[in-house]
Amino acid sequence: MMNWSRRHFLKNSAKALAAAAVPAAAYELLTPEILAAVRKGKGPRWAWVIDATKCVGCGMCVQACKRENEIPWETTASRTWVERYVVTTDGRVLIDSPNAARDGYTKNNPMGEQVPAEQIAKGFFVPKVCNHCENPPCVQVCPVGASHVTDEGVVLVDRSWCIGCGYCLQACPFGTRFFHPVHKTAEKCTFCYHRITKGMNPACVDACAFGVRKWGDIRDPNSEVSRIVRTERVTVLKEEYGTKPHAFYIGLDRIVR
Amino acid sequence: MRSHVFRPLWIALGLLALFLTARALYVPGDFGVHRGDYTYGWYRTGNEDDWKAVQVKHKGKDYCAGCHHENYAKIAASKHSRIQCENCHGPARDHPMDPPKLAVDRERDLCLRCHADLPYRPKVYTGLPGGPIPMKMQNPEVHNPGLPCVTCHSVHTAGWK
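Sequence lines, in order, name chains W and D. Position 78 of the first sequence, counting from 1, maps to 79 under my numbering, and the rest follow consecutively. Position 58 of the second sequence, counting from 1, maps to 555 under my numbering, and the rest follow consecutively.
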């Protein structure tokens, strides 16, 4: 048996404490963000900021996106869409997005129903778009390597490589993927890769006259989106899925799915 | 060893060689694991250039200003200043070469996208540098139904004709 003096006890306690502190510090140093930065390298990492409180449901973003990216006009397919949420005073929730809101909302007819103004407790519009997740499940499930993430965090689909199996359509928790009616391959928002790589805004951002949609480099602490995410009350959709969505919303209600 | 032992082996090796040759011919050279990330970086790098090469169709109002300076200046001074020309006129593409003429959407429904008085539509417009202003809204069933808005209203000045 060991003879434990007070000095001995204190010395060993200090050692044990120091040993316990080391793994905690090491864990802190290796946050997922840092690992992601190592994996994805430096340079810009694009993200959305969507201020839902300003959206009037004009659908100009959807119109511009469909025209810019040649998504057949006469189909409901769209890379972005605007949802209408109407909550009635008796607690019913009406959600619709006719034709992805391609023609905007011009009538008070949620789900084809005439709801008198006095029976509406609240209502709002929510633009939806690909979240360009940090851990995109849609890319992970692709069996042929047609879906991928660029250095800037943009999730893209290789049309020449996609076999159209549709796993990614099911894997996306946000329902942003669909089949292109002409190319017959998986289709999604490209963050207007052809525009942003030329220094332009995505088509939907330009088309919005209300300043709902903003985009920028989330790695740059001085960018507008970084400042908003840091200083304002933002949220992301379906955080519990762990995909780390990069579309940050201002003014989302809890009924928004 | 007898040949019936080796024969399946030659067949297996032959099939393997065939598979490797076919793969070498079919799979592009830039296809593979990139950034050491099999989960998200297994793809053909050339696809990024494919997407970059997509034609820009919406050129933005500064492109329009090159020729249509009068209307550009008019709308820039109005409460419609944040509306892109191409929202109502359609994408410029390579106008004036292709297409030589752009259509103008004069439908009532175009204006109603923002100005229809929906109970849940924001009542204040915050898009202007001068500060928030009330959104001009109309009930389309009461306000001159059937008549195009441009009969009385000027879109470029956001005022009367």
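Ideal Cβ placement from N, Cα and C applies to all residues, glycine included.
- When beta bridges are read from the DSSP output, Thr236 (chain W) appears opposite W:Tyr250.
- With respect to Pro111 (chain W), Arg85 (chain W) sits close: the two C-beta atoms are nearer than 7 Å.
- By the neighbour-count criterion, in which a residue is buried when 16 or more other Cβ atoms sit within 10 angstroms of its Cβ, Lys658 (chain D) is exposed.
- The beta carbon of Thr648 (chain D) sits closer than 7 Å to none of the beta carbons in its chain outside the five residues before and after it.
- Nearest to Gly563 (chain D) by alpha-carbon distance, out of D:His592, D:Lys620, D:Lys598 and D:Thr518, is D:His592.
- Taking 8 Å as the cut-off between beta carbons, the residues of the region 572-584 of chain D near chain W are His577, Arg579, Ile580, Gln581, Glu583 and Asn584, in sequence order.
- Legend: CB atoms of the region 174-195 of chain W lying less than 7 Å from CB atoms of chain D belong to residues Thr191, Tyr194 and His195.
- In the structure shown, Pro631 (chain D) adopts extended strand secondary structure according to DSSP, grouped into three states.
- Within the region 62-78 of chain W, contact with chain D at the beta-carbon level (separation under 9 Å) is assigned to Gln64, Ala65, Arg68, Glu69, Asn70 and Glu71.
- Between Val83 (chain W) and Gly60 (chain W), the beta carbon gap of about 6 Å places them in contact (Cβ cut-off 8 Å).
- Interface criterion not met: the Cβ of Gly167 (chain W) is under 7 Å from no Cβ in chain D.
- For Glu84 (chain W), the secondary structure class from DSSP, reduced to helix, strand or coil, is strand.
- Look at the beta carbons and you see the region 164-180 of chain W touching the region 141-153 of chain W: at least three pairs across the two are nearer than 8 Å.
- Sequence-distant partners of Pro137 (chain W) (beyond 5 residues in either direction) whose C-beta falls short of 7 Å from its own C-beta, in its chain, are Val150, Val156 and Thr244.
- Using beta-carbon distances, Val57 (chain W) counts as an interface residue toward chain D, with a partner under 7 Å.
- Contact with chain D is found for Thr107 (chain W), since one of that chain's Cβ atoms lies less than 7 Å from the residue's Cβ.
- Contact annotation: Ala204 (chain W) and Cys193 (chain W) have beta-carbon atoms nearer than 7 Å.
- For the options W:Lys12, W:Thr81, W:Ala20 and W:Cys56, the alpha carbon positioned closest to that of Val213 (chain W) is the one of W:Cys56.
- The C-beta separation of Lys554 (chain D) from Arg590 (chain D) comes to about 5 Å, placing the pair in contact by the 8 Å criterion.
- Excluding its 5 nearest sequence neighbours in each direction, Pro596 (chain D) has C-beta neighbours in its own chain below 8 Å: Arg590, listed in chain order.
- Annotation: Cβ neighbours of Cys611 (chain D) in chain W (cutoff 7 Å, chain order): Val57 and Cys59.
- In terms of beta-carbon proximity, His555 (chain D) lines the interface with chain W, with at least one pair separated by less than 7 Å.
- When CB distances to chain W are screened at a threshold of 9 Å, the residues of the region 540-553 of chain D falling below it are Tyr540, Arg541, Thr542, Gly543, Asn544, Glu545, Asp547, Trp548, Lys549, Ala550, Val551, Gln552 and Val553, in chain order.
- Under DSSP, Lys215 (chain W) forms a beta bridge with W:Val50.
- Taking C-beta atoms as the reference points, Val50 (chain W) and Ile219 (chain W) fail to come closer than 7 Å.
- Within the region 156-238 of chain W, the runs of beta strand (DSSP E) that reach at least 3 residues and sit entirely inside it are, in chain order, 156-158 and 214-218.
- Per DSSP, reduced to three states, the secondary structure at Ile508 (chain D) is helical.
- Contact of Asp606 (chain D) with chain W by beta-carbon distance below 9 Å involves Asp104, Gly105 and Thr107.
- Taking a 10 Å sphere around the C-beta of Tyr535 (chain D), we find fewer than 16 other C-beta atoms and assign the residue as exposed.
- Taking each of W:Arg255, W:Arg231 and W:Lys67 in turn and checking the Cα distance to Val130 (chain W), the smallest one comes out for W:Lys67.
- When DSSP states are grouped into helix, strand and coil, Val140 (chain W) belongs to the helix group.
- Interface annotation, Arg520 (chain D): not in contact with chain W, CB-CB separation never under 7 Å.
- W:Ala102 is the residue among W:Ala102, W:Gly58, W:Ile96 and W:Val87 whose C-alpha sits nearest the C-alpha of Ala78 (chain W).
- C-alpha of Glu241 (chain W) to C-alpha of Ala514 (chain D): approximately 47 Å in a straight line.
- Per DSSP, Gly243 (chain W) is not a residue of any beta strand (DSSP E), being assigned neither H nor E.
- Under the Cβ criterion of 7 Å, Leu615 (chain D) is counted among the residues facing chain W.
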